[in-house]
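Each remark here refers to the structure printed beneath this line.
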Amino acid sequence: MDQVAGDSFLVLIKNIADSAEQAREASLAIANEIRCILTRPFFTESGEVSVTSSVGISVLYAGLYYASPEVIISAEQAVQQAESAMFEAKRRGRDNVVLFDSQITRQARQRINMQSSLRKAVANQEFDLHVQPQVSTHSGDVVGGEVLLRWMHSGQAQRSPADFIPVLESSGMIVDVGLWVIRTSCEYLRNMLDQGLWTPDMQMAVNISPKQFHDPQLIKSLEHSLKSYDIRPDMLTLEVTETLLIDDFEPVVDKMKKIRNMGTRFAIDDFGSGYSSMIYLKRLPLDILKIDREFITHLNSDKETLGLVEAIMMVAHHYGLDVVAEGVEKREVLDILRSLGCEKYQGAHFSMPVSLDKFQRLLVA
163 MDQVAGDSFL
173 VLIKNIADSA
183 EQAREASLAI
193 ANEIRCILTR
203 PFFTESGEVS
213 VTSSVGISVL
223 YAGLYYASPE
233 VIISAEQAVQ
243 QAESAMFEAK
253 RRGRDNVVLF
263 DSQITRQARQ
273 RINMQSSLRK
283 AVANQEFDLH
293 VQPQVSTHSG
303 DVVGGEVLLR
313 WMHSGQAQRS
323 PADFIPVLES
333 SGMIVDVGLW
343 VIRTSCEYLR
353 NMLDQGLWTP
363 DMQMAVNISP
373 KQFHDPQLIK
383 SLEHSLKSYD
393 IRPDMLTLEV
403 TETLLIDDFE
413 PVVDKMKKIR
423 NMGTRFAIDD
433 FGSGYSSMIY
443 LKRLPLDILK
453 IDREFITHLN
463 SDKETLGLVE
473 AIMMVAHHYG
483 LDVVAEGVEK
493 REVLDILRSL
503 GCEKYQGAHF
513 SMPVSLDKFQ
523 RLLVA
């Protein structure tokens, strides 16, 4: 076993089986056992913490994947294949095990091609921002919005953010694109302020990826954008996910405090979807908690989910946080959220993400 990066480890198991098929079955079994062990909650000074893992597997005796059972790949190839499988496991979501196959190679080539297209998109300004309204559960008024990145690929149909945003993140392009998102969001706010459509108590939410958050120029760029468009910092909310908290917790908190001292607010996005420990809500300089849509979708049909959402809201309110529910699609779900004291929601029940022009029309409707 060897540590190959900050959060990546390489495990070599010799003589695991006598055939490729047996090796496949045995390696999957061992990988899933490792995954189960790693997902067990553990305790730190901060409280209970749960983590997930992404496991990629490569079989050196590769007869399963090649025409000849005599083919045996090199150690270097095995490591490359295991890394490719691990990245595919991450792409599929947390807590996955993936065994390398030829399809992963094709997908890797597709990602390389997409990287090339994205670099052209950055140069050609092919990105746009849509806004999803955030609505008061009590008054029904639009009280803010979340800007969401869209890619108009060379005049073709929009590409799914789920496809291209992970590529932006892994390639590092997310830093420059993310700064453009902040700057353009401030431009949107100035436009609506000048038209009298935006009031001081409304906030625009912007997603900040872990890589962008760790950019040394983030604070300076944020200050410059706010100043350039004369935007009050408290009109902007930065949304971070729980993955940001995995490494270097204290430096993350320190940087969040510096930004929050400027007046900009913080929301924790997709709460409950992965690494969360409710003790984070006490230690992090947060203003808003956004409950993951997976919980909201089943709120009216699953008593266990209802109890969990109610508990999350109680803890959030105890720490003085507003709660935003994501993915609200049904009136019945909205009624439950209102009864639980949820302040805001967003979702198809009111509106999907729309262009700035359509969002402005919703503000005056």
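Numbering-wise (this note's numbering), the sequence shown opens with residue 163 and increments by one. All C-beta atoms in this analysis are idealised placements derived from N, C-alpha and C, irrespective of residue type, glycine included.
For residue i: DSSP bridge partner residues
i      : result
Glu401 : Asn369 and Ala429
Asn353 : DSSP output for Asn353 lists no bridge partner at all.
Gly307 : Pro295 and Met366
Phe204 : Val211
Leu451 : Ile430 and Val485
Asp290 : Arg312
Gln529 : With the chain covering only 163 through 527, there is no way to say anything about residue 529.
Gln320 : Met314
Ser513 : Gly509
Segment limits, alpha helix (DSSP H) that includes residue i
i      : result
Thr267 : Ser264 to Asn286
Leu148 : Summary: the structure shown does not reach residue 148, with the chain confined to residues 163 through 527, and so no result is reported for it.
Asn423 : Phe411 to Met424
Val241 : Ala237 to Arg254
Ile219 : Here Ile219 belongs to no alpha helix (DSSP H); instead the beta strand (DSSP E) covers Ser216 to Ile219.
Lys382 : Leu380 to Ser390
Ile498 : Arg493 to Leu502
Leu443 : Tyr442 to Arg445
Cβ pair residue i, residue j closer than 9 Å
i      : j      : result
Pro395 : Val415 : no
Glu331 : Ser371 : yes
Glu472 : Leu502 : yes
Val297 : Phe512 : yes
Phe375 : Val402 : yes
Gln287 : Leu310 : no
Val305 : Gln365 : yes
Leu525 : Met397 : no
Ser189 : Ile219 : yes
Leu172 : Val241 : yes
Leu483 : Ile450 : yes
Asn462 : Val486 : no
Val211 : Phe205 : yes
Ile458 : Glu412 : no
For residue i, three-class secondary structure by DSSP
i      : result
Ala229 : Confidence at Ala229 is low in this model, with a pLDDT of 46, below 50, so the placement of that residue should be treated as unreliable; the coordinate-derived value is given next. Ala229: coil per DSSP, three-state reduction.
Gly340 : helix
Gln508 : coil
Met314 : strand
Arg394 : coil
Asn194 : helix
Ser301 : coil
Asp519 : helix
Ala224 : Per-residue confidence for Ala224 stands at a pLDDT of 49, beneath the threshold of 50, marking its modelled position as unreliable; the derived number appears in the next sentence. Here Ala224 sits in coil by DSSP.
Ile175 : coil
Thr361 : coil
Val490 : coil
Opening and closing residue of the beta strand (DSSP E) in which residue i lies
i      : result
Ser332 : Counting along the chain, Ser332 falls outside any beta strand (DSSP E), though it belongs to the alpha helix (DSSP H) covering Pro323 to Ser333.
Asn462 : Per DSSP, Asn462 belongs to no beta strand (DSSP E) and is neither H nor E.
Asn258 : Asn258 to Leu261
Proximity test, Cβ basis, 9 Å: residue i and chain D
i      : result
Val173 : No chain D is present in this structure, which holds just one protein chain.
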